[in-house]
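Residue numbers (our numbering): 409 to 610.
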């Protein structure tokens with residue numbers, strides 16, 4: 409398989425999933441400013457949406473959208489327990505988490521990355537994030553991972569998004585359980601390998 413990524417972007421989530429699953433993958437870096445791959449290919453010819461992640465499967469098919477990609481990866485190695493079995497209530501809980509992270513956490517960061525966003529918009533986005541961080545902090549005070557004691561692809565996604573706080577200088581000090589969770593996930597060998605491969609860890 410081939411994963412198109414940008415260092416530290418939301419493509420880090422499937423990158424983590426691939427390493428947790430032990431699946432071989434070719435990494436192709438994408439410059440999201442000029443929408444070109446590292447060899448100069450127009451990325452729009454690979455994914456017309458123009459954003460990462462994009463996964464090219466072994467049969468040449470293209471899969472986009474992070475939550476779909478990570479579930480596909482998990483299902484290739486069911487024994488890894490990165491996702492509960494299809495059709496189970498636990499699987500729907502996983503999808504519930506992936507949807508929440510995508511719509512409430514991932515998207516809320518958007519205005520904070522945009523230097524032209526009005527200050528009022530940025531402040532509202534950060535307040536929304538802080539509200540959800542408080543809710544996550546309570547949950548993670550009772551659970552090692554989002555779905556209990558087992559790391560799943562939802563954890564890889566949440567880690568990827570909350571990790572952006574490091575770049576935006578947002579302290580997690582007010583949410584100690586969330587901070588502990590981030591450190592716990594960061595210490596996983598597969599996560600460290602993904603971060604190192606993307607140049608985010610020495």
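Idealized CB from N, CA, C, for every residue including glycine. Just so we're clear, the structure is a prediction, and the values are computed from it rather than from any experiment.
Residue i: first and last residue of the uninterrupted beta strand (DSSP E) it sits in
i	result
residue 437	434 to 439
residue 411	410 to 413
Supposed contact pair residue j and residue i - C-beta distance, whole angstroms, cut 8 Å
i	j	result
residue 486	residue 502	With 8 Å as the limit, residue 486 and residue 502 do not qualify as a contact, their Cβ atoms being about 13 Å apart.
residue 537	residue 589	That pair is no contact at about 15 Å.
residue 506	residue 565	6 Å
residue 435	residue 411	6 Å
residue 461	residue 474	6 Å
residue 601	residue 427	5 Å
residue 484	residue 525	At roughly 38 Å, the Cβ-Cβ gap does not stay under 8 Å, so residue 484 and residue 525 are not in contact.
Three-state class that DSSP yields for residue i in the structure shown
i	result
residue 556	strand
residue 610	coil
residue 431	coil
residue 418	coil
residue 549	coil
residue 571	coil
residue 523	coil
residue 580	coil
Segment limits, alpha helix (DSSP H) that includes residue i
i	result
residue 591	584 to 594
residue 603	597 to 605
Whole-angstrom distance between residue j and residue i, CA atom to CA atom
i	j	result
residue 539	residue 512	10 Å
residue 607	residue 416	9 Å
residue 635	residue 470	Within the shown structure, residues of the chain are numbered from 409 to 610, placing residue 635 beyond reach of any answer.
residue 421	residue 521	18 Å
residue 504	residue 555	11 Å
residue 597	residue 591	12 Å
residue 530	residue 519	5 Å
residue 579	residue 587	9 Å
residue 452	residue 489	34 Å
residue 444	residue 424	23 Å
residue 510	residue 542	17 Å
residue 560	residue 437	25 Å
residue 603	residue 514	19 Å
residue 535	residue 585	19 Å
residue 516	residue 432	32 Å
residue 605	residue 413	11 Å
residue 577	residue 570	11 Å
Any alpha helix (DSSP H) of 4 or more consecutive residues that is wholly inside the stretch 435 to 516: With a minimum length of 4 residues, the continuous alpha helix (DSSP H) runs that stay inside the stretch 435 to 516 are 474 to 484 and 497 to 508.
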